[in-house]
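Going by this note's numbering, 607 is the number at position 96 of the sequence shown; the sequence numbering is gapless.
Taking it in order: structure first as C-alpha cells, then the write-up.
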Amino acid sequence: MNQVLLFLLQSGIVKEERGKLLPGLTSVHLNRESPLIRQHHTNWRVAAIQSLVTNSKSDVHYSTVSTLSKADAEKLRAEMVSLIEKYVEVVKPSQEEVMYGFNLDFYNLVKF
512 MNQVLLFLLQ
522 SGIVKEERGK
532 LLPGLTSVHL
542 NRESPLIRQH
552 HTNWRVAAIQ
562 SLVTNSKSDV
572 HYSTVSTLSK
582 ADAEKLRAEM
592 VSLIEKYVEV
602 VKPSQEEVMY
612 GFNLDFYNLV
622 KF
C-alpha cells in the first residue's frame, strides 16, 4: 500500500469496507494553532488559483480591496465568522456527492 493511501486511511479521510475504499471524514479542518496551518491555507489557495483556469460557472471567486471604518470591518468579520459556522452546519450532515473548496480571507492590509 502506498504511503499516501496509508496516511488517508490512518487519518480517517478514507475508509475501507469489504475491500472497497470509501469516503471517511466529510471535512478536513486544522486548528489555527497547528504547525501545518500555513501550508494548509497555502495549498487550498493554490487550488483556488488553479480553478480560475477552468472558469467553471459553478465556481465563485471574488477579490477586492476596500477602505472602511473599524466598526464596519468588525461587523463584516463577525458576519464572515457566522457564515463559516453556517457552512459547517450544512456540510457536516451532507451526503458526499461533490467536493468543493471554501476559502475566506479578510485581513487588514495596513497595520497601524
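Every residue, glycine too, gets a C-beta built ideally from N, C-alpha and C.
CB-CB under 7 Å to residue i, same chain, minus the five flanking residues each way: which ones, in chain order?
i      : result
Ala558 : Gly612
Ser574 : none
Thr553 : none
Can you name, in chain order, every residue of its own chain whose Cβ lies under 8 Å from the Cβ of residue i, other than the five neighbours on each side?
i      : result
Leu541 : Leu547, Ile548, His551
Closest by CA to residue i, which one among the options?
i      : options                        : result
Asp616 : Val515, Met591, Val571         : Met591
Ile524 : Leu532, Asn513, Gly530, Leu536 : Leu536
Val576 : Ala584, Ser569, Asp570         : Ala584
Ser569 : Glu544, Met610, Ser593         : Met610
Glu600 : Ser538, Gly530, Ile560, Arg529 : Ser538
Val471 : Thr565, Ala589, Lys581         : Residue 471 lies beyond the residue range present for the chain, which begins at 512 and ends at 623; the question has no answer from this structure.
Report yes if the CB atom of residue i is closer than 8 Å to the CB atom of residue j, and no otherwise.
i      : j      : result
Leu517 : Glu527 : no
Asn614 : Arg556 : yes
Glu608 : Pro534 : no
Leu579 : His572 : no
Which one or two residues does DSSP pair with residue i in a beta bridge?
i      : result
Val525 : Pro534
For residue i, which residues from the same chain have a beta carbon less than 6 Å from its beta carbon, with the 5 sequence-adjacent residues on both sides left out?
i      : result
Pro631 : With the chain covering 512 to 623 only, the question about residue 631 has no answer from this structure.
Sequence ranges, beta strand (DSSP E) only - wholly within the stretch 527 to 553, length at least 3 = 531 to 534
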